[in-house]
Amino acid sequence: MTDVIHLLPDHVANQIAAGEVVQRPASVIKELLENAIDAGGTNIKILVKEAGKTLIQVTDNGKGMSVTDARLCFERHATSKINSAEDLFSLKTKGFRGEALASIAAIAHVELKSRRQDDEVGTCIKIESSEVTSQEACVTPVGTTICVKNLFYNIPARRNFLKSDTVELRHVIDEFQRVALAHPAIQFSLFHNGSELFQLPEANYRQRIVNIFGGKTNEKLVPVEEDTAIVKIHGFVGKPEFAKKGRGEQFFFVNDRFIKSPYLNHAVTAAFEGLLKDKAYPSYFLFLDVDPKSIDINIHPTKTEIKFDDEHALYTILRSSIKHSLGQFNVAPVLDFDRDSSLDTPYDFSQKEITPPKVEVDPNFNPFKTERSGGGYTPNYRTEKSAGSWQSLYNGLRSEGTESFSTRTQVEFESDQVTGNLFGLKDEGEAGGTTFQLNKKYIVTTLKSGILVIDQQRAHTRILYEELLKNITVTSAVSQQLLFPLTIQFSTNEMELLKEIKDSLEQTGFIFSEVKKDGVEISGIPTLISESEVEILLEQLLLDLENEVPGAAFSQVDTLAKSLSRGMAVKSGTALNIAEQQNIVNSLFACKESSLSPFNKPVFITLTVDELDKKFM
Numbered sequence: 034m035t036d037v038i039h040l041l042p043d044h045v046a047n048q049i050a051a052g053e054v055v056q057r058p059a060s061v062i063k064e065l066l067e068n069a070i071d072a073g074g075t076n077i078k079i080l081v082k083e084a085g086k087t088l089i090q091v092t093d094n095g096k097g098m099s100v101t102d103a104r105l106c107f108e109r110h111a112t113s114k115i116n117s118a119e120d121l122f123s124l125k126t127k128g129f130r131g132e133a134l135a136s137i138a139a140i141a142h143v144e145l146k147s148r149r150q151d152d153e154v155g156t157c158i159k160i161e162s163s164e165v166t167s168q169e170a171c172v173t174p175v176g177t178t179i180c181v182k183n184l185f186y187n188i189p190a191r192r193n194f195l196k197s198d199t200v201e202l203r204h205v206i207d208e209f210q211r212v213a214l215a216h217p218a219i220q221f222s223l224f225h226n227g228s229e230l231f232q233l234p235e236a237n238y239r240q241r242i243v244n245i246f247g248g249k250t251n252e253k254l255v256p257v258e259e260d261t262a263i264v265k266i267h268g269f270v271g272k273p274e275f276a277k278k279g280r281g282e283q284f285f286f287v288n289d290r291f292i293k294s295p296y297l298n299h300a301v302t303a304a305f306e307g308l309l310k311d312k313a314y315p316s317y318f319l320f321l322d323v324d325p326k327s328i329d330i331n332i333h334p335t336k337t338e339i340k341f342d343d344e345h346a347l348y349t350i351l352r353s354s355i356k357h358s359l360g361q362f363n364v365a366p367v368l369d370f371d372r373d374s375s376l377d378t379p380y381d382f383s384q385k386e387i388t389p390p391k392v393e394v395d396p397n398f399n400p401f402k403t404e405r406s407g408g409g410y411t412p413n414y415r416t417e418k419s420a421g422s423w424q425s426l427y428n429g430l431r432s433e434g435t436e437s438f439s440t441r442t443q444v445e446f447e448s449d450q451v452t453g454n455l456f457g458l459k460d461e462g463e464a465g466g467t468t469f470q471l472n473k474k475y476i477v478t479t480l481k482s483g484i485l486v487i488d489q490q491r492a493h494t495r496i497l498y499e500e501l502l503k504n505i506t507v508t509s510a511v512s513q514q515l516l517f518p519l520t521i522q523f524s525t526n527e528m529e530l531l532k533e534i535k536d537s538l539e540q541t542g543f544i545f546s547e548v549k550k551d552g553v554e555i556s557g558i559p560t561l562i563s564e565s566e567v568e569i570l571l572e573q574l575l576l577d578l579e580n581e582v583p584g585a586a587f588s589q590v591d592t593l594a595k596s597l598s599r600g601m602a603v604k605s606g607t608a609l610n611i612a613e614q615q616n617i618v619n620s621l622f623a624c625k626e627s628s629l630s631p632f633n634k635p636v637f638i639t640l641t642v643d644e645l646d647k648k649f650m
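Each residue of the sequence shown is one higher than the last, beginning at 34 in the numbering used here.
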């Protein structure tokens, strides 16, 4: 019998390791950025083409590499970060495995240019599938530039698994934001297909957050600061009223390294207990500094999971710190809900002695006398008017060219409450009275064989869904012009997604008068929604599109129609008149699919006479 166990070739082992380290272009961005930071770079530039599938170039002004280091860095387990196993528990660098560059070089075309401050010329190395094709001296500035081209070119199956450019770019931006937030003292810039996405100058933590997520973020932040023997916490949490429906603005950093921790996330949520709306998630940017010996980073190749020595104590300190900050800055409500702050004693008067007020009374004052020029008072009796003065009351009431007074048999007044009609119906009298509303949630109508119970929200969602699909794909919808344009701010990630669906949104009735780098200006909206609902509707739409991760154009249009119809539909708990109830019933059964909502939920149920008879047996 021959031996069956053998060592794998290096290039095969590198491709296997690449499957763990490099999952998509965003993984390459993360590894190269961390290497640039470890090299002491203070100005890092990233160029990306086609969301990283074609080109990823990272340039830093760090200390650079020698000729030997430049060649050795692409070998497996070659690193300058650690020397022994004990160093794993005192890590102060981002990387330590020595696998990233070897894994990247195994699945892409890599070109490295690097020069140290003391060297006259630099080194240029080109590698394809772990094989060095050329190594020569070159002219290059101090620092390192790495170009990664044609990612997964030799693994077609992995390349086919990549999503659309929009989805992959969103992951690239996520990784870029995580690294940039943790290092505000470093300048970062990100370019995609020649256009600038981010230009982040050197700043403090608060300024870096505002530069990434927009100017309006500044008013939403509440500082958190706590220093204990176990952990030092600093950062910011978002005010409860600005909580979002997604988890996009939730960041934990431990020793300037982004991590994911459901346990610590629960501590933050517990601190906001009673302050958040249903299905709303708080924003937070929290930085935890702990002793490197008390954590273990070597758990997963992505290094986003960390084990703590005492998670329970960390949980308690984090929750208490956030609660303290919310109370200190008057974000959490006080117990006395009827307290009026305008009645509080000002600080300037808190030490003054209380004296009775002085009241001055004029004993000669008489409100029924008027003063004459000659002195004294005379009674203010009403004087008689001239005989013809009563006619002046009717001046202007004569009709032009006639002698008779114009009279009105009926006077119309504007109603106290103006309510719009959601469904654009004709006169209510035309609608029949065969429906009624049950518990402001269901519409009950009669059939020949029994009764029909319709969920009004699901039914209206189905009606709007089919109407929106028609508007997006066939004909444009009608818009209502706004008197004053509406300006809404979005993050860079959200703006990239919004630009992609802009044409589809315009088909549904939105009119964008201006599209900026950090927001949009809207001058027209669909007729079925109000101005106050636009921002909520668009935020929910972008969240749905991110969660659906659309790859094809059809699925994106479908997600768009589903999200808009859910946001625009009449909600449960809304009272409907007879005409509106009839319109929902008639429009529902004019749909192509009336029995199911766009989310595959039943819209109505029927109760036949036989089923009702059985209930009374």
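All C-beta atoms in this analysis are idealised placements derived from N, C-alpha and C, irrespective of residue type, glycine included.
Three or more C-beta pairs below 8 Å linking the segment 184–192 and the segment 206–215:
no
Short of 6 Å in beta carbon distance, which residues of its chain neighbour L574, apart from the five on each side in sequence? Order them along the chain.
Locating residue 574 in the sequence shown gives position 541, counting from the first residue. So the qualifying residues of the chain are S596.
Apart from the five residues just before and just after K96, which ones in its own chain have a Cβ nearer than 6 Å to its Cβ?
Translated into positions along the sequence shown, residue 96 becomes position 63. Only A72, G73 meet the Cβ criterion.
Over what stretch of residues does the alpha helix (DSSP H) that includes N244 continue unbroken?
Against the sequence shown, residue 244 aligns to sequence position 211. Residues 238–246.
Taking only the alpha-carbon atoms, compute the straight-line gap between S162 and A213 and give it to the nearest angstrom.
Looking up residue 162 in the sequence shown gives position 129. Looking up residue 213 in the sequence shown gives position 180. S162 and A213: Cα-Cα distance of roughly 30 Å.
Express the C-alpha separation of V477 and L471 in angstroms, rounding to a whole number.
The residue you call residue 471 lines up with position 438 of the sequence shown. The residue you call residue 477 lines up with position 444 of the sequence shown. Approximately 7 Å, taken between the alpha carbons.
Could you tell me the distance, in whole angstroms, from the CA atom of Q220 to the CA atom of N244?
Translated into positions along the sequence shown, residue 220 becomes position 187. Translated into positions along the sequence shown, residue 244 becomes position 211. Between Q220 and N244, the C-alpha separation is close to 12 Å.
How about I89 and L145: are their beta carbons less than 7 Å apart?
Here residue 89 is taken as the residue at index 56 of the sequence shown, counted from 1. Here residue 145 is taken as the residue at index 112 of the sequence shown, counted from 1. No, Cβ-Cβ distance for I89 and L145 is not below 7 Å.
Can you tell me where the beta strand (DSSP E) with Q540 in it begins and where it stops?
Counting from 1 along the sequence shown, the entry for residue 540 is found at position 507. Unbroken run through Q540 is the alpha helix (DSSP H), 535–541; no beta strand (DSSP E).
Quick check on this structure: which residue in A492, L347, I328 has the alpha carbon closest to the alpha carbon of V301?
The residue given as residue 301 occupies position 268 in the sequence shown. The residue with the shortest Cα to Cα distance from V301 is L347.
Among G542, V270, C106, T112, the one whose alpha carbon lies nearest that of F285
Position 252 of the sequence shown, counted from the start, is the residue given in the question as residue 285. It is V270 whose Cα lies nearest to the Cα of F285.
Proximity of Q522 and A602 at Cβ, strictly below 7 Å
Indexing the sequence shown from 1 puts residue 522 at position 489. Indexing the sequence shown from 1 puts residue 602 at position 569. No, the pair does not count as a contact, with Cβ atoms beyond the cut-off.
Here's the rule: buried if 16 or more other CB atoms are within 10 angstroms of the residue's CB, otherwise exposed. What is A623?
Along the sequence shown, read from residue 1 onward, the residue named residue 623 stands at position 590. That one is exposed.
Closer than 8 Å is the cut-off here; do at least three beta carbon pairs connect the segment 550–564 with the segment 523–536?
yes
With 16 other Cβ atoms within 10 Å as the buried cut-off, status of L516:
As a working note, residue 516 is residue 483 in the sequence shown. Its Cβ having fewer than 16 others within 10 Å, L516 is exposed.
Could you check what DSSP says for F285 in three-state terms: helix, strand or coil?
By 1-based counting over the sequence shown, the position of residue 285 is 252. Reduced to three states, the DSSP call for F285 is strand.
Comparing C-alpha positions only, which one of A139, G279, I487, N298 sits nearest to I32?
Summary: the structure shown does not reach residue 32, with the chain confined to residues 34 through 650, and so no result is reported for it.
Simplified DSSP state of E554, which is helix, strand or coil
Stepping through the sequence shown from its first residue, residue 554 is reached at position 521. The answer is strand: DSSP assigns E554 an E or B state.
Alpha-carbon spacing of Y317 relative to V287, whole angstroms
Within the sequence shown, residue 317 is the residue found at index 284, counting from 1. Within the sequence shown, residue 287 is the residue found at index 254, counting from 1. Rounded to the nearest angstrom, the gap between the Cα atoms of Y317 and V287 is 14 Å.
Taking the C-alpha atoms as reference points, what is the distance between A103 and L41?
Position 70 of the sequence shown, counted from the start, is the residue given in the question as residue 103. Position 8 of the sequence shown, counted from the start, is the residue given in the question as residue 41. Approximately 25 Å, taken between the alpha carbons.
For R211, three-class secondary structure by DSSP
By one-based count along the sequence shown, residue 211 stands at place 178. Residue state, collapsed to three classes: helix.
Contiguous alpha helix (DSSP H) assignments of at least 4 residues, all confined to the segment 316–362
344–361
Start and end residues, alpha helix (DSSP H) containing H110
Taking the sequence shown and counting its residues from 1, the one referred to as residue 110 is at position 77. No alpha helix (DSSP H) holds H110; DSSP gives it neither H nor E.
By alpha-carbon positions, which one of L593, N76, A190, V37 ends up nearest to E499?
Start at 1 with the first residue of the sequence shown, and residue 499 comes out as number 466. Minimum Cα distance to E499 is reached at L593.
Inter-residue spacing [alpha-carbon to alpha-carbon] between I62 and S627:
Locating residue 62 in the sequence shown gives position 29, where the first residue counts as 1. Locating residue 627 in the sequence shown gives position 594, where the first residue counts as 1. Going from the Cα of I62 to the Cα of S627 covers about 47 Å.
Could you tell me which residues DSSP pairs with H142 in its beta bridges?
Looking up residue 142 in the sequence shown gives position 109. Its beta-bridge partners are E161, K182.
Taking just the CA atoms, how far does L570 sit from G176?
Within the sequence shown, numbered from 1, the residue matching residue 176 stands at position 143. Within the sequence shown, numbered from 1, the residue matching residue 570 stands at position 537. The straight-line gap from Cα to Cα measures roughly 46 Å.
Can you say whether A612 is buried or exposed, counting buried as having 16 or more other CB atoms within 10 angstroms of its CB?
Stepping through the sequence shown from its first residue, residue 612 is reached at position 579. It is buried - the Cβ of A612 has at least 16 other Cβ atoms within 10 Å.
Starting from the C-beta of E282, find all residues in its chain whose C-beta is less than 6 Å away, skip the five residues before and the five after it, and write them out in chain order.
As a first step, residue 282 is located in the sequence shown; it is residue number 249 there, counting from the start. The residues are S316.
Quick one: what's got a C-beta closer than 6 Å to E547's C-beta in the same chain, skipping five residues either side?
If you number the sequence shown from 1, residue 547 lands on position 514. The answer, listed in chain order, is E554.
First through last residue of the beta strand (DSSP E) which encompasses S228
The residue you call residue 228 lines up with position 195 of the sequence shown. Run containing S228: 228–233, per the beta strand (DSSP E) assignment.
Distance between Y475 and D591 (C-alpha atoms, nearest Å):
If you number the sequence shown from 1, residue 591 lands on position 558. If you number the sequence shown from 1, residue 475 lands on position 442. If I take the Cα positions, the gap works out to 26 Å.
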